[in-house]
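Peer 1:
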Amino acid sequence: MKKRRIGALALAAAAALPTLLFSVGCASEDTVVLRVFNWEEYIDEGGEGSYQYDYEVNEDGSAPPIIEDFEVWYEETYGTPIRVEYSTFGTNEDMYNQLQLGDEYDLLCPSEYMIMKLAAEDYLQPYDEDFLDPSIEGNYYAQNVSPYIREMFESNRINKEDPDDTSTWADYAAGYMWGVTGFTYNPAYVEAEELSSLGWDIMRAPQYKNKVTTKDNVRDSYFVALAICYRDEIEALDPDADDYTQKLAAILNRTDEETIAKVEAVMQEMDENIYGYETDTGKADIVSGKIWLNFAWSGDAVYAMDLAEAGEDEEGNETESTLLNFFIPEECANLWFDGWVMPKGANKQAAQAFVNFMSKPENAVRNMYYIGYSGVIAGEEVLSYVKDCYEVDPGDYESEEDYVAYDLSYFFGDTVEEGSAVFYADREQAEERQLHAHYPTLEVTKRCAVMDYYGEEANEAINELWSRVKSETLDTWAIVVICVGVVLVVAAVLTAKFGGKINFFRLPHKKGYRRVRQENCR
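Heads up: the sequence shown runs through residues -8 to 513, numbered per this note's numbering.
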């Protein structure tokens, strides 16, 4: 893949924006403060890792952080200076805990289930009614969001347990990034055919004992165990039926007592077989060869594949170049989203302006390029970027078997010229590598399900399950070491207090004693 310089779109003139928003921005000469709470390393932070647009650069020639560009754009557009107070979190639960402690923000970026949880607990305020009106100048999110994502947000209810609450994700959230889950794997040790037959049961396969990892959070691990428990039932569904997606999602969101018991048994077996639980270390472990398979979010899978292919570790040290692949089990996978939401009391005008600025296609590309995930924004600039990364010329191939026509019309829809979202791609890219992870086909997305917010009662039961599984993860030798350590500490305390009055048996002495980021796009 190669990188192309794309000219930035001209900034919209203030007079072309809605009069109401302009008047709000000019109501005070004081600097507006916008408090944004986002995931770590989840926005273009500037410097050498930024996509090279025709924008102003710092004195040293490096690109400025996109937040600085937003501050300049906001003042030029609304006539009022703004300062973004930007902070980050590591997990959805970390973010939620900060809210519980009383921290205040104007804009958050949680995942789909946490969006549902926050809305159900009355933390959020909805977007303005005209925010999703693409006819309004300056509504960049409404004009550029993928039709596929928009339909997803408008059709999923926030509170599925309350039939009287018809509000949807679109009322409270604007999409940011999206993707699927699967396995990054090393084809030198793992056969693709075997993966297809095993599916999610890779986690329990004895041939991969201590060579596969799962995520260190209950929801992802619970999803995997659900897929294993109900694989036969899932495969018996008719994928062509109108209610296929609803039935699949219902299976993969079960939280009844019988299901929880079945899932716990499977999770205990997974625990016996896996190398360990991880949140961020799996990428480095599979690149180094410590493990052969890593349960991964699609963006992390792309990062690991790029890292391995470039022949570097996460610290930039040279390593042996390795090709890794990405596998999405054929029976099902998790479809996830992260989106921007506004807590009650937030500065809606500034928050919505921030979302719209990030939704300009050239800015969406900047963020995608920097963090390696797929954004929800479509449009010609984004399609051009995707093609720069993955499009090939059939004339460069000796055999027609080595390339395929890749159709992303479902994602780009009417935001691009009709037919332009179908292009030729390398077969390996399309079926098992970066393109497969970045933009899965419509066929793949149809067999994916979104994890719901389970509700407090089910959450408590599943968290207790997680505690029981994790409490048994210590190996016997580790338990012995801890017990011996406790005995020695107690002995030391008693000796210090009573001196030589207490005799202890003595043990004999032992003898001897930067980120690689879509390199193909550069």
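By construction, the Cβ of each residue, glycine as well, lies at the ideal position given by its N, Cα and C atoms.
Per DSSP, what kind of secondary structure is V367 in: helix, strand or coil?
Peer 2: DSSP places V367 in coil when its eight states are reduced to three.
Peer 1: Using a Cβ-Cβ cut-off of 6 Å (strictly less than) and excluding sequence neighbours within five positions of C439, which residues of its own chain qualify?
Peer 2: V171, A324 and L326, listed in sequence order.
Peer 1: Spatial neighbours of D207 within its chain, please: CB distance less than 7 Å, with the 5 preceding and 5 following residues excluded, ordered by chain position.
Peer 2: Here the set comprises Y268, E269 and T270.
Peer 1: What whole-angstrom Cβ distance do D114 and K461 have, given they're in contact under 8 Å?
Peer 2: Note on residue identity: the sequence assigns Tyr, not Asp, to residue 114. No, Y114 and K461 are not in contact; Cβ-Cβ is about 28 Å, not under 8 Å.
Peer 1: If you reduce the DSSP assignment to three classes, tell me which class Y69 lands in.
Peer 2: Three-state DSSP puts Y69 in a helix.
Peer 1: With a 10 Å radius around its C-beta and 16 neighbouring C-beta atoms as the bar for buried, classify K200 as buried or exposed.
Peer 2: Under this definition K200 is an exposed residue.
Peer 1: Going by C-alpha to C-alpha distance, which of Q116, D153, I149 and A164 sits closest to N347?
Peer 2: If we check each option's Cα against that of N347, A164 comes out closest.
Peer 1: Indicate the three-state DSSP secondary structure (helix, strand or coil) for F174 in the structure shown.
Peer 2: Note: F174 maps to strand in three-state DSSP.
Peer 1: Following the continuous alpha helix (DSSP H) through R459, name the residue where it begins and the one where it ends.
Peer 2: Per DSSP, R459 belongs to the alpha helix (DSSP H) from E447 to S462.
Peer 1: May I ask you to report which of helix, strand or coil DSSP gives E382?
Peer 2: In this structure, E382 counts as strand in the three-state DSSP scheme.
Peer 1: Might you give, ordered along the chain, the residues of its own chain that have their beta carbon closer than 7 Å to the beta carbon of A396, omitting 5 neighbours on each side?
Peer 2: Taken in chain order, the residues that qualify are V413 and Y415.
Peer 1: At the level of alpha carbons, what is the spacing between D262 and A299?
Peer 2: Each residue's Cα considered, the two are about 27 Å apart.
Peer 1: Buried or exposed for Q425, going by 16 or more other Cβ atoms inside 10 Å?
Peer 2: It is buried - the Cβ of Q425 has at least 16 other Cβ atoms within 10 Å.
Peer 1: Put F345 into one of helix, strand or coil per three-state DSSP.
Peer 2: Residue state, collapsed to three classes: helix.
Peer 1: Does the Cβ of S102 have 16 or more other Cβ atoms within 10 Å, making it buried, or fewer, making it exposed?
Peer 2: Classification of S102: buried, given that the 10 Å Cβ count is 16 or more.
Peer 1: Could you check whether the stretch 276 to 296 touches the stretch 174 to 189, counting it as contact only if at least three pairs of C-beta atoms, one from each stretch, sit closer than 8 Å?
Peer 2: These segments touch.
Peer 1: Any idea what DSSP makes of R283, helix, strand or coil?
Peer 2: Note on residue identity: the sequence assigns Trp, not Arg, to residue 283. Three-state DSSP puts W283 in coil, outside helix and strand.
Peer 1: Taking 9 Å as the threshold (C-beta atoms), are A218 and L243 in contact?
Peer 2: Going by C-beta atoms, L243 is nearer than 9 Å to A218.
Peer 1: What's the C-alpha gap between D211 and E59?
Peer 2: Going from the Cα of D211 to the Cα of E59 covers about 35 Å.
Peer 1: So what does V27 bridge to, in DSSP terms?
Peer 2: Note: V27 sits in a beta bridge opposite Y77 and L98.
Peer 1: Report the three-state DSSP secondary structure of P138 (helix, strand or coil).
Peer 2: If DSSP states are grouped into helix, strand and coil, P138 belongs with the helices.
Peer 1: Check N308 in the structure and name its three-state DSSP category.
Peer 2: In this structure, N308 counts as coil in the three-state DSSP scheme.
Peer 1: Output the boundary residues of the beta strand (DSSP E) element that contains T159.
Peer 2: Segment: none, T159 is in no beta strand (DSSP E) and carries neither H nor E.
Peer 1: Could you have a look at K339 and say whether DSSP puts it in helix, strand or coil?
Peer 2: Correct three-state label for K339: helix.
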